[in-house]
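Input: a single structure, listed below in structure tokens.
Residue numbers (full-length UniProt numbering): 1 to 640.
What follows is the structure, given as structure tokens:
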């Protein structure tokens, strides 16, 4: 080999090594970010999960060694089977172009089984509705559980727990309008410190009673359930609190990718959680009486106040992650036409995922405050917590089968076996949480029911409205042909008419001809559709079709994770021959005034609900980011 070749080889090796170092640094940054966003919820479960399960087992005021080992074994194997096996090993592979979450899974399943799209839509809506309840309960129980640590510092602070919790939550929702970009950099390090504190705290008690490590043997879980059949369901329901937040691994898949999420779980989160739960068990075994608050009572006196502060910070971060997830979920639902348009504000110039929905933020804030005031204690809220999360997991199991079979190309036997195993485990947890309906679970079910009703009304009303308006509209090809034969007075410039039905003449066009008696030289019938994928490439964004020399039909396609921007998308048309100029273009929109009718096909109450939802919808000009100075709105009244 020549010296030149050797030099080239050395340079290539150095470049490859530098790339590897850069990649490793990127993964480390993503792992740190995943700690703050993905694992905030499940990472704060040690505050209350073991305590609630212990209270069920020790209903008579005492807990035996077998009780403690049994509960620990249930928690260990719940974390192992549900998170490590189900989500890390299987669910994270079922991504939709890199994105995860219930609606992403729904889109994947619908594309693989179009004949079952209605049933899949129902499952997707149910999962989204249950997540809404989760997004309200998580901030309430997490922050309240952390602030309750003040009672352990000194009982004199007990009257201040609720006020402090409400102030923290009010501040959390108030700063949402500024976005998470400014404080996002500290989320990861704080959560990393939290997990280290969990691990160290657990180890300090395990060394005093190493025999507690026998809890890793599943025999203790089975023995506890067999020996205590009357307490089994209640204990399993409380144990499930240890895995609440597992859905975040899949929901936030698009933000970090599979590798950082898996790395963070296997190397940091999972070990630290196990150590802390086992440490809590060792602490209880070393005492003669049951502690009131296991997590905070096990801390040394000098570390108690710092741990309360760190726990509060961790719960705020966990709440922030759920709130951001709610914003993303609502945006996806709007794009999929499951909800009316909401005003969406982007809080970052570089990160498209950082959004703020003022109305959603207000409703979430009010809901969380009401939950805190209504339940008073985190232990009371625990009864309402599990149903929404277990319900989401069951929905994921049902949708996962078709994705494994059609998208991941699994055999029928393999897909059925895996889905059945996951479904059986999750149904057991769901059954154990259903018994909490009277104690507080009705809150979650009520929130989900209201959300389902809103989505059902919007989808059903939109279908009726579309059918009614289409019956009264003229086919676009017929109108274009007649106007070409007998042209009205033509004015210069381009007119863009927005419509959801590109085959019919838009209402705004018909009213424009009726009132103004003129037509622009160039007329574009524009429709915006949402693809069953998170992001659409610019090369697939625009579809143009010439009707005749006066009319052109344009379809813009956006992914369900994207915010539609019509002017930017139309600029792509230049590459396809249309010299689009925003300053010489007028956008015509039809603003409908809806009236209820007993003959609409829906009950009058649902008519009125649909009309109310339509009135709350964000202005189309703002939603599609059209310059307000280029928009002409034409009103029309429709009886549905």
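Where is the CB? At the ideal position from N, CA and C, for every residue including glycine. What you are looking at is a predicted structure, and each value in this text was computed from that prediction instead of being measured.
Three-state class that DSSP yields for residue 623 in the structure shown: Helix at residue 623.
Residue 122 and residue 261 closer than 7 Å at C-beta: Going by C-beta atoms, residue 122 is not nearer than 7 Å to residue 261.
Own chain partners of residue 164 with C-beta closer than 6 Å, once the 5 adjacent residues on each side are dropped: Once the five neighbours on either side are set aside, the close Cβ partners of residue 164 are 147.
Rounded separation between residue 548 and residue 467 - CA only: The straight-line gap from Cα to Cα measures roughly 27 Å.
For residue 382, the nearest candidate out of 56, 556 and 612 (CA to CA): Cα-wise, what sits closest to residue 382 is 56.
Beta-bridge pairing of residue 495 - partner residues as DSSP gives them: In the DSSP output, where bridge partners are listed per residue, residue 495 has 523 and 586.
Buried or exposed (CB count within 10 angstroms, at least 16 for buried), residue 584: Exposed, because fewer than 16 other Cβ atoms sit within 10 Å of the Cβ of residue 584.
Same chain only: Cβ atoms within 7 Å of residue 19, ignoring 5 sequence neighbours per side: At residue 19, the pLDDT of 41 sits below 50, so the modelled position is not reliable; the number obtained from the coordinates is stated separately. The answer is none, since no qualifying residue turns up.
Three CB pairs or more closer than 8 Å across the segment 526-541 and the segment 600-613: No contact exists between the segment 526-541 and the segment 600-613.
With 16 other Cβ atoms within 10 Å as the buried cut-off, status of residue 212: Looking at its Cβ environment, which holds 16 or more other Cβ atoms inside 10 Å, residue 212 is buried.
Reduced DSSP category for residue 557 - H, G, I as helix; E, B as strand; rest coil: The answer is strand: DSSP assigns residue 557 an E or B state.
DSSP bridge partner residues for residue 528 (one or two, in chain order): DSSP, once it has assigned bridges, lists 556 as partnering residue 528.
Nearest candidate by alpha-carbon position, reference residue 518, set 528, 495, 502 and 85: Nearest option by C-alpha distance: 495.
Residue burial classification, residue 171 (beta-carbon count within 10 angstroms, cutoff 16): It counts as exposed.
Short CB-CB distance (under 7 Å) between residue 531 and chain B: This model lacks chain B altogether; it includes just one protein chain.
CB of residue 88 within 7 Å of CB of residue 265, strictly: Closer than 7 Å, so yes.
Neighbourhood of residue 350 by C-beta, 7 Å cutoff - its chain only, sequence neighbours within 5 removed: Residue confidence for residue 350 is low, a pLDDT of 47 falling below 50, so the modelled location carries little weight; the figure read from the coordinates is stated next. Once the five neighbours on either side are set aside, residue 350 has no close Cβ partner at all.
Limits of the unbroken alpha helix (DSSP H) element including residue 393: Counted as a single uninterrupted DSSP element, the alpha helix (DSSP H) harbouring residue 393 occupies residues 378-402.
Own chain, CB closer than 7 Å to residue 303, minus 5 neighbours either side, in chain order: Here residue 303 has no same chain residue with a Cβ atom under 7 Å from its own Cβ, once five neighbours each way along the sequence are excluded.
Contacts around residue 432, its chain only, beta-carbon distance under 6 Å, and the 5 residues preceding and following it disregarded: Here residue 432 has 233, 236 and 237 as same chain residues with Cβ atoms under 6 Å from its own Cβ, once five neighbours each way along the sequence are excluded.
Nonlocal neighbours in the same chain, by C-beta distance under 7 Å from residue 418, ignoring five residues either side: For residue 418, same chain residues with a beta-carbon under 7 Å away, outside a window of 5 residues either side, are 90 and 404 in chain order.
Option nearest residue 131 by Cα separation, candidates 248, 550, 71 and 223: Measuring from the Cα of residue 131, the nearest candidate turns out to be 248.
In DSSP terms, what residue 233 is bridged to: Paired residues: none, contrary to the question.
Among 367, 133, 291 and 392, the one whose alpha carbon lies nearest that of residue 124: Ranked by how close their Cα comes to the Cα of residue 124, the residues 367, 133, 291 and 392 have 392 in first place.
Distance, residue 258 Cα to residue 93 Cα: Residue 93 and residue 258 have their alpha carbons spaced roughly 8 Å apart.
Whole-angstrom C-beta distance between residue 529 and residue 555, which should lie under 8 Å: About 6 Å; that satisfies the 8 Å criterion.
Cα-Cα separation, residue 22 to residue 289: Its pLDDT being 37, under 50, residue 22 is placed unreliably in this model, and the value from its coordinates should be taken loosely. Within the model, the alpha-carbon separation for residue 22 versus residue 289 is close to 53 Å.
Option in 64, 78, 327 and 167 with minimal Cα separation from residue 49: Of 64, 78, 327 and 167, the residue nearest in Cα terms is 78.
Reduced DSSP secondary structure (H/G/I, E/B, other) of residue 635: Note: residue 635 maps to strand in three-state DSSP.
Contact check, residue 194 vs residue 310, beta carbons under 7 Å: For residue 194 and residue 310, yes; Cβs fall inside 7 Å.
Per-residue DSSP class, three states only, for residue 598: Here residue 598 sits in coil by DSSP.
Three-pair Cβ contact test at 8 Å for the segment 590-598 versus the segment 561-573: No, they do not touch.
Every unbroken alpha helix (DSSP H) inside the segment 269-334 [4 residues or more]: Whole alpha helix (DSSP H) segments, 4+ residues: 270-285 and 294-297.
Residue 470 versus 360, 447, 488 and 507, residue with shortest Cα-Cα distance: With distances taken between Cα atoms, residue 470 lies closest to 507.
Whether residue 426 touches residue 253 by CB criterion (7 Å): For residue 426 and residue 253, no; Cβs fall outside 7 Å.
Three-way DSSP call (helix, strand, coil) for residue 350 in this model: Interpretation of residue 350 is limited by its pLDDT of 47, a score under 50 that renders its predicted location unreliable; no figure is taken from the coordinates.
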